[in-house]
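Everything in the sequence shown is counted per UniProt numbering, starting at 1 for the first residue and increasing by one.
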Amino acid sequence: RLLMALPSDRQSLIPNFLYSTSFVSKALNLGKLDGNVANSSTMSSSDTAAGLNFVVPAPSEPGKIEMYSPQFYAACTAGGILSCGLTHMAVTPLDLVKCNMQIDPAKYKSISSGFGVLLKEQGARGFFRGWVPTLLGYSAQGACKFGFYEYFKKYYSDLAGPENAAKYKTLVYLAGSASAEVIADIALCPFEAVKVRVQTQPGFARGLADGFPKFVKSEGALGLYKGLVPLWGRQIP
């Protein structure tokens with residue numbers, strides 16, 4: 001009631017420059033510096049009708065990696081190296097006993113007796129025989145597995161189209177993981193061949209550095225991939 005009683009020729013208490021387009025633009029720029037860009041959404045539709053057209057950029061998150069960018073694939077590859085390489089190296093003693101139980105079940109009758117035989121014959125250091133090819137081989141496998149899985153998942157989704165990709169998402173993911181595993185096992189197989197020979201034949205070589213050339217000399221380069229098909233059969237499913 002008091003507002004309606006005021007004379008029409010009274011000047012407003014709010015300065016006129018606050019209504020200008022240039023002031024609003026400057027205020028928005030200052031607001032972006034202060035992190036208050038979101039407040040621009042509260043402007044009324046009458047302001048838009050008055051010709052205040054502007055674009056508010058989406059806020060950027062520091063350290064965020066764009067999906068399916070080169071940085072994204074590099075991060076997946078690094079994650080595969082760390083997760084697969086280090087974990088498989090950590091369980092080298094179990095893998096060592098398993099391989100020897102498969103080669104000589106009469107001598108290595110169980111896991112507990114297998115550890116006892118290894119400790120007696122090779123000492124505590126023998127538990128980690130073959131850790132270098134294990135680390136390098138499964139690091140290569142993890143890099144290919146994680147990186148190519150994301151690549152093939154997007155590739156097959158693009159081939160199927162948005163509708164079919166959503167409808168058959170499980171099949172798309174299975175195809176992507178199987179395709180990635182095929183490549184990952186090709187990278188793993190040479191290291192796995194040398195690792196098994198080093199672990200099951202203590203006099204063959206001390207590790208990867210001298211075991212790799214000895215293996216190639218005795219079996220040939222193609223001998224490194226003799227176990228590829230069984231490896232696919234174990235890993236792909």
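Cβ atoms here follow ideal geometry from the backbone N, Cα and C, with glycine treated the same way.
- Linking Gly-142 to Phe-128 through their CA atoms gives a straight-line distance of about 20 Å.
- Counting only the Cα atoms, Val-172 lies some 42 Å from Ser-112.
- Per the C-alpha coordinates, the member of Tyr-149, Phe-115, Lys-64 and Ile-65 positioned closest to Ser-179 is Tyr-149.
- For Met-67, the number of other beta carbons within 10 angstroms of its own is below 16, and it is reported as exposed.
- In this structure, the alpha-carbon of Leu-82 lies about 20 Å from that of Leu-94.
- In the three-state scheme derived from DSSP, where H, G and I count as helix and E and B as strand, Ala-205 is classed as coil.
- For Glu-121, the uninterrupted alpha helix (DSSP H) segment begins and ends at 111-122.
- Between Gly-147 and Tyr-73 the beta-carbon gap is near 5 Å, inside 8 Å, which marks them as a contact.
- If the five residues before and after Val-117 are omitted, its C-beta is found closer than 7 Å to the C-beta atoms of Lys-107 and Tyr-108, all from its own chain and listed in chain order.
- Arg-125 is classed as exposed because its beta carbon has fewer than 16 other beta carbons within 10 Å across all chains shown.
- In the DSSP assignment, Cys-84 falls outside any alpha helix (DSSP H) and carries neither an H nor an E.
- Nearest C-alpha to Thr-87 among Gln-102, Glu-121 and Tyr-138: Tyr-138.
- In this chain, the alpha helix (DSSP H) harbouring Leu-96 covers 92-103.
- Inclusion of Leu-188 and Ala-140 in the CB contact set at 9 Å is warranted, their separation being smaller than that value.
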